[in-house]
Amino acid sequence: MSASAAPVRPKRLDRVLDRVERIGNRLPDPLVLFAGLFLLTAVLTTVLGALGAQVQVPGEDDPLQVRSFFSGEGLTWFTTTMGENYIGFPPLVNVLPIVLAVGIAEGSGLLSAAIRGLFGSAPRWLLPYVVAFVGVNGNLMSDTSFVVIPPLAALVFAAAGRHPVAGLIGGFAAVGASFSTSMLPSPIDANFAGITSGVMGALPDALQATPVTVVSNYWINLASSLVLVLACGALIDRVLEPRLERAGVPRAIDDPDEGAPTGPSSGGGAEADGSPGGTAASGEKERPKARTGERDEDVSSSVEPVEKRALVWAGVTLAGLVALIVAIAVIPFSPWRSDGGGLLPDSPFMGSIVFLIVVVFSVTGIVYGARLGTIRTGGDVARHMGQGLRSMTSFLVVAFALAQFLALFEWSGVGTYLAVHGAAWLESAQLGGLPVILAFVVLCAVANLFITSGTSMWGLMAVVFVPMLGLAGLEPAFVQAAFRIGDSSTQIITPLSPYLIVLLGMVRRYEPGAGLGTLVARLVPFTLVFFTVWVAVLLVFYGLDLPIGPANGIHLE
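Quick note: the sequence shown uses this note's numbering, first residue -9, plus one each step.
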């Protein structure tokens, strides 16, 4: 990286994205931003409430009345639920336990050694596509993929001497902008299929729609996943990383007070001194050294014999844990099974994903550290957990305001009010065939900026558009496939996504001055390209009338 590279291509793209970044970074700090949005929403709900604003939600008997914040009901709600709004904030439920567990795995040196062993000799050009592949299929872990995959991608890039922030942001983009698709059926498929099946009863009897199952979108999902992996890998390699280099973004965390990268917000991989987790291989408790940003070829590409032996022990432990988990899950009387005996979509097993991730990271990290000498006492475990949690303090502060804002948004009904009116507008446009599908995808992409829960938004959209587009001759499974595009591609650029704030905390360990504008400017190319190529895949299936699943087509007979 050299200063002379700054004015080099792509000049026009850099100018556009720099302008987006400057505008975005003029926004106040996220804490102030969400506090302001809370007050703005509070005023809006009061005005709408005073005007008697209401909306008829399809499938509901009574209209939804927008509730006023500045009223006896609203103020009572807020003063009695403020703590619950924060403590019950879903990202905290997922993020904090994983932070503690990954802090053990990172602090012991397990993650650094494992990634150097797996990717140290891999071709550097392949890594963006590896990150893209893992991220695009990350929804198998549901929302936890936002917490686990980006920092691991940063470690992979750092181990290969590439820019860790490219791995960090690229991993987040791969997870978020393609969240509704993957190469394997996932819990999301089961959730969507259940909602779609539930509203198909509203179709006229004359329309014989094919039942929607977990695999009803499998063929189009598979094709979309392959295309998105290639697009994401190319964007990381050709757009994101070169722009980071031209901008002079640091490759390492330079503040010694912040410690070595630890936990899910870690951005680097191997430490400068070559010892796992920043500690001496002999097990001496040294303070992690601040990295200078220069790459140590030996550290990034090799694993010491003592580390290999510890990795074997960790690998055996991992295999044992996986075998135990599978055994408990598959037995007919497993407590992890639902009342119907299944594991998908809603079962104690799916509700235990965070627990399973915590067990895997913490147990293997402790075994690795015990064998290597980086963990000798319970105090060492607690220290690594604390280091991981310390890296999340900025997010915990912002999350307080964000949680209150999102809770008000949901309690007041403003989000549902806006979404239903948007759907009504689209219906009144009386478009047909392909134009209405494209307009539907755009509407979903816009609504996704305000309603970040895909399941909630599909529950709202399906009751309107499955019957409406069914009358236009389109299968419910195809409408569901179109929804996935809008549901995913824009969620990585909305400030209402709590995981974007998590990402901001990770990036600020490299760039303390980074703001939401910084992230949006780097993520906009992913949103635009993912949206475009995903729509192109949809058009190919539509134009050639290809089956979108093993038993599902596009047009109703």
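Backbone N, C-alpha and C fix where the C-beta goes; we use that ideal spot for every residue, glycine too.
Residue i vs residue j beta-carbon contact at 8 Å
i	j	result
Pro425	Thr186	no
Pro118	Gly223	yes
Gly539	Ser206	yes
Trp326	Ala319	yes
Leu513	Ile159	yes
Phe455	Ala167	no
Ser405	Phe440	A small correction: the amino acid at residue 405 is Gly; Ser does not occupy that position in the sequence shown. Taking 8 Å as the Cβ cut-off, Gly405 and Phe440 qualify as a contacting pair.
Trp524	Ser214	yes
Leu494	Leu509	yes
Arg16	Trp401	no
Thr31	Phe60	no
Thr134	Ile321	no
Leu21	Val492	no
Phe169	Gln481	yes
Thr484	Thr442	yes
Gly476	Ala414	no
Ala221	Val519	yes
Arg152	Glu231	yes
Chain-order list of residues whose beta-carbon lies under 7 Å from that of residue i (same chain, five-residue window excluded)
i	result
Ala472	Ile427, Phe430, Val431 and Leu528
Ile139	Val124, Gly125, Gly128, Gly161 and Val165
Gly157	Val121, Ala143, Ala144, Val146 and Phe147
Gly355	Ile94, Ala95, Ser98 and Leu100
Tyr500	Val155, Val239, Pro240, Ile243 and Gly257
Ala452	Ile185, Thr186 and Val189
Ile365	Ser98, Ile356, Gly359 and Val371
Met72	Gln394
Leu308	Val350 and Thr354
Tyr208	Pro175, Gly539 and Pro540
Gln44	Pro53, Leu54, Gln55 and Val56
From the options, residue whose alpha carbon lies closest to that of residue i
i	options	result
Gln55	Ser61, Gln46 and Glu63	Gln46
Leu498	Asp535, Phe468 and Ser384	In the sequence under discussion, the amino acid at residue 498 is Arg, which differs from the Leu named in the question. Looking at the Cα atoms, Ser384 is the closest of the given residues.
Leu396	Arg16, Leu27 and Thr69	Leu27
Pro295	Gln470, Ala103, Arg16 and Ser352	Ala103
Leu65	Thr200, Leu398 and Gly331	Leu398
Val229	Leu212, Val217 and Ala163	Ala163
Ala199	Lys298, Asn211, Leu234 and Pro457	Pro457
Arg361	Arg299, Asn84 and Ala391	Arg299
Phe79	Leu392, Gly151, Ala150 and Thr69	Leu392
Ile77	Pro338, Leu346 and Leu386	Leu386
Unbroken alpha helix (DSSP H) run spanning residue i, endpoints
i	result
Thr31	Pro20 to Ala40
Met72	Gly62 to Ile77
Ser337	That residue, Ser337, is in no alpha helix (DSSP H); it is neither H nor E in DSSP.
Tyr500	Unbroken run through Tyr500: none, as it is neither H nor E.
Val239	That residue, Val239, is in no alpha helix (DSSP H); it is neither H nor E in DSSP.
Glu297	Pro295 to Val320
Asp370	Gly368 to Arg380
Phe468	Pro466 to Ser479
Gln46	Careful: Gln46 lies outside any alpha helix (DSSP H) and carries neither H nor E.
Arg361	Ile343 to Leu362
Gly157	Pro154 to Gly166
Gly125	Leu117 to Val126
Ala429	Leu424 to Ala437
Thr383	Thr383 to Ser402
Same chain only: Cβ atoms within 8 Å of residue i, ignoring 5 sequence neighbours per side
i	result
Val348	Pro87, Ile88, Leu90 and Ala91
Leu216	Met173
Residue i (DSSP reduced to helix, strand or coil)
i	result
Val204	coil
Leu536	coil
Leu54	strand
Thr252	The pLDDT assigned to Thr252 is 38, lower than 50, so where the model puts this residue is not dependable; a value taken from the coordinates is nonetheless given after this. Residue state, collapsed to three classes: coil.
Asn542	strand
Ser135	helix
Ser176	coil
Gly444	helix
Val530	helix
Ser418	helix
Ile483	coil
Cut-off 6 Å between Cβ atoms - residues of its own chain near residue i, not counting five sequence neighbours on either side
i	result
Phe182	Trp448 and Gln470
Ala504	Val497 and Arg498
Below-8 Å beta-carbon distance, residue i vs any chain B residue
i	result
Ile243	The structure shown contains no chain B; it is built from a single protein chain.
beta-carbon residue i near the ligand MN non-hydrogen atom, thresh 7 Å
i	result
Gly332	Absence of the ligand MN from the depicted structure is noted, as is the absence of any ligand whatsoever, leaving it without description.
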